[in-house]
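A.B. asks: Numbering (my numbering), first residue to last: 458 to 629.
1. Do the CB positions of residue 598 and residue 571 come within less than 8 Å of each other?
2. Tell me, to the nearest whole angstrom, how far the beta carbon of residue 536 is from that of residue 524; I am working on the premise that it is less than 8 Å.
3. To the nearest angstrom, how far is the alpha carbon of residue 519 from that of residue 609?
4. Just how far apart, CA to CA, sit residue 567 and residue 472?
5. In terms of residues, what are the limits of the alpha helix (DSSP H) holding residue 546?
6. For residue 576, collect the residues of the same chain with a Cβ closer than 7 Å to its Cβ; drop the 5 residues on either side in sequence, then sort them by chain order.
7. Please classify residue 592: does DSSP put it in a helix, a strand, or coil?
8. To the nearest angstrom, how far is the alpha carbon of residue 602 from that of residue 565?
9. Where residue 514 and residue 613 are concerned, what is the direct C-alpha to C-alpha distance, given to the nearest angstrom?
10. Threshold first: 4 residues or longer. Then list the alpha helix (DSSP H) segments lying entirely within the region 552 to 605, N to C.
11. Going by C-alpha distance, which of 593, 560 and 517 is nearest residue 529?
12. Could you tell me if residue 556 is buried or exposed, where buried requires 16 or more neighbouring beta carbons within 10 angstroms of its beta carbon?
13. Cutting at 7 Å between CB atoms, please list the residues of its own chain near residue 552, excluding the five before and the five after it.
14. Only counting the same chain, and skipping five residues up and downstream in sequence, which positions put a Cβ closer than 8 Å to that of residue 582?
15. Can you list, in chain order, the residues of its chain whose CB lies under 6 Å from that of residue 717, leaving out five sequence neighbours each side?
Set out below in structure tokens:
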């Protein structure tokens, strides 16, 4: 919902929060955000209020979007520095580690990218996209055996979640 708001889609943000509020009617974060949006508030500002319940991934999403904007402007060092700082500040953020891993891979720092992606997988081992990303990094490092293993993990997780067939993830 926060990403939808930041990316300029307030109606989708409202729908996502409303859906979450129906599933978790007693959750104070959902209620606070839904009430704030109903009053015409800014989702990021609402999530950042000191009197509102904390939403830790708000900072992570903002950092990811800011780093992407820096990369778009050709400021790769700034993007990397931002992600590394936010990664240290938000040690449980999978989103920041996934983004940093992608940036490192794009820079050719594949060994570092592998380490950061592995950290993200340790935080969210059931995430097929992370396993697919690690497979790609390993393939680029010519570690074909491990790349294929990770691709199989990604495929089985995606299939188990109903997200597609194993052959799609394996490029067949």
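Using N, Cα and C, we set each Cβ at its ideal position, and we do this for glycine too.
C.D. replies: Reading it off the structure:
1. Yes; because the gap between Cβ atoms is below 8 Å, this pair is in contact.
2. The pair is a contact, with the Cβ atoms about 4 Å apart (cut-off 8 Å).
3. Residue 519 and residue 609 have their C-alpha atoms roughly 32 Å apart.
4. In a straight line, the C-alpha of residue 567 is about 39 Å away from that of residue 472.
5. Membership of residue 546 in the alpha helix (DSSP H) is indicated by the continuous run 533 to 546.
6. Taken in chain order, the residues that qualify are 554.
7. Taken through DSSP and simplified to helix, strand or coil, residue 592 comes out as helix.
8. The straight-line gap from Cα to Cα measures roughly 20 Å.
9. The pLDDT assigned to residue 514 is 47, lower than 50, so where the model puts this residue is not dependable; a value taken from the coordinates is nonetheless given after this. Rounded to the nearest angstrom, the two C-alpha atoms are 27 Å apart.
10. As far as the region 552 to 605 is concerned, its whole alpha helix (DSSP H) runs of at least 4 residues are 567 to 580 and 585 to 597.
11. Out of 593, 560 and 517, the CA that lies nearest to the CA of residue 529 is found in 560.
12. So residue 556 counts as buried.
13. Counting only Cβ-Cβ distances below 7 Å, and skipping sequence neighbours, we find 514, 517, 518 and 521.
14. Cβ neighbours of residue 582 beyond the five flanking positions: none.
15. Residue coverage of the chain in this structure runs from 458 to 629, which leaves residue 717 outside it and unanswerable.
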